[in-house]
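Reading through the structure tokens given below for one structure.
Numbering (this note's numbering), first residue to last: 16 to 302.
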């Protein structure tokens, strides 16, 4: 704290640094409870000092400058590396060279470096979205998202993106599939693969599970749920589409039966927990 005062950091930066410290320490403790080795003292010190370079500049090089300040002040090398590697999801050797920084990697490597980098992004609402507006689609933004996913995983947090499709035939009936285990009914769908668009995933899943090709597909609604599975906390997000499909639906693998039914009959079936919100949405839309 004395160094922040010595370098006359603005009050808003000091308050931000305190928030990052609280978040980083909390995350580090969660990770340690799950069996990871993490130095809480390093995390606390590095997170509090992570923005000291902003006393000189607010550019992307403020991490590197902060590390140099700490080395000059005699602070430990591990803390200096935490500070110089916290910007975005880290800065590659090539990117650093283009920015006029030393030609070396500034990408987080240790658990402590990753935790502080992560905490800097999640401690303030909307920060990731603001960065995405500036850098979305770039390698720098992709690296940041991957780091955040990695730390979420270490915390026991897993986020899944899934699609469902409400397939209707020419009579307006809806297609459902019955799972073998647990024995509940659901709409065709599944997980979105890496780099795949939700629309493409929806068409692929319906074709794989039923043999049907979807026409006139449109977005219907979204749904999500946070729940525990073992020692993991999972956040499942569902994007739901609606489209036309005709013909005899095939089934197999994890499904034991296919059924075309109207909404009233569907309400009487035993539905999966992730399907119930969609059926409620359909009921409200039809009333």
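Glycine included, each C-beta is placed from N, C-alpha and C at the ideal position.
Which of the three DSSP states, helix, strand or coil, is assigned to residue 168?
The residue given as residue 168 occupies position 153 in the chain shown. If DSSP states are grouped into helix, strand and coil, residue 168 belongs with the helices.
Would the beta-carbon of residue 155 fall within 8 Å of that of residue 104?
Working through the chain shown from its first residue, we reach residue 155 at position 140. Working through the chain shown from its first residue, we reach residue 104 at position 89. Cβ atoms of residue 155 and residue 104: closer than 8 Å.
Residue 102 and residue 58: beta carbons closer than 8 Å?
Within the chain shown, the letter at position 87 stands for residue 102. Within the chain shown, the letter at position 43 stands for residue 58. Not a contact, by the Cβ cut-off of 8 Å.
Note down the Cα distance separating residue 99 from residue 88, rounded to an integer number of angstroms.
On the chain shown, position 84 is the one that residue 99 refers to. On the chain shown, position 73 is the one that residue 88 refers to. Their Cα atoms are separated by approximately 15 Å.
Buried or exposed: residue 277, going by 16 or more other Cβ atoms within 10 Å of its Cβ?
In the chain shown, counting from the first residue as 1, residue 277 sits at position 262. The residue is exposed, with fewer than 16 neighbouring Cβ atoms inside 10 Å.
Return helix, strand or coil for residue 225, following the three-state DSSP convention.
Translated into positions along the chain shown, residue 225 becomes position 210. Correct three-state label for residue 225: helix.
Tell me, to the nearest whole angstrom, how far the beta carbon of residue 271 is from that of residue 253; I am working on the premise that it is less than 8 Å.
For this step, residue 271 is matched to residue 256 along the chain shown. For this step, residue 253 is matched to residue 238 along the chain shown. Residue 271 to residue 253, Cβ: 22 Å. No contact.
Would you check if there are 3 or more beta carbon pairs closer than 8 Å linking the stretch 253 to 270 to the stretch 206 to 222?
yes
Would you report the Cα separation of residue 82 and residue 93, rounded to the nearest angstrom?
As a working note, residue 82 is residue 67 in the chain shown. As a working note, residue 93 is residue 78 in the chain shown. It is roughly 10 Å from the alpha-carbon of residue 82 to the alpha-carbon of residue 93.
How big is the Cα-Cα spacing for residue 38 and residue 137?
For this step, residue 38 is matched to residue 23 along the chain shown. For this step, residue 137 is matched to residue 122 along the chain shown. Cα to Cα, residue 38 sits roughly 8 Å from residue 137.
Mind checking residue 300: buried by the 16 CB within 10 Å criterion, or exposed?
Taking the chain shown and counting its residues from 1, the one referred to as residue 300 is at position 285. Result: exposed.
Contact between the stretch 39 to 53 and the stretch 118 to 128 is defined here as three or more beta-carbon pairs at a separation below 8 Å; is this criterion met?
yes
Please go through the stretch 198 to 268 and give each complete alpha helix (DSSP H) segment of 4 or more residues, from N-terminal end onward.
You should have 213 to 225.
Roughly how far, in whole angstroms, is the beta-carbon of residue 78 from the beta-carbon of residue 121, given that I think they are within contact range, below 8 Å?
What you label residue 78 is simply residue 63 of the chain shown in a count that begins at 1. What you label residue 121 is simply residue 106 of the chain shown in a count that begins at 1. About 7 Å; that satisfies the 8 Å criterion.
Grouping DSSP H, G and I as helix and E and B as strand, with all else coil, what is residue 301?
Walking along the chain shown from the start, residue 301 turns up at place 286. The answer is helix: DSSP assigns residue 301 an H, G or I state.
Considering only the alpha carbon of each residue, which of 172, 188, 198, 232 lies closest to residue 247?
Residue numbering aside, residue 247 sits at position 232 when the chain shown is read from its first letter. Selected option, being the one with the closest Cα: 172.
For the beta strand (DSSP E) that residue 270 lies in, which residues bound it at each end?
Numbered from 1 along the chain shown, position 255 holds the residue referred to as residue 270. Here the beta strand (DSSP E) through residue 270 covers 270 to 276.
Check whether the stretch 148 to 162 and the stretch 27 to 35 are in contact - that is, three or more C-beta pairs closer than 8 Å.
no
Please name the residue, chosen from 65, 274, 64, 293, that lies closest to residue 188 on a Cα-to-Cα basis.
Numbered from its first residue, the chain shown carries residue 188 at position 173. Checked all of 65, 274, 64, 293; the closest Cα to residue 188 is 274.
Report, in whole angstroms, the separation of the C-beta atoms of residue 182 and residue 221, which I expect to be a contact under 8 Å.
The sequence position of residue 182 within the chain shown is 167, counting from 1. The sequence position of residue 221 within the chain shown is 206, counting from 1. So it is a contact: roughly 6 Å between Cβ atoms.
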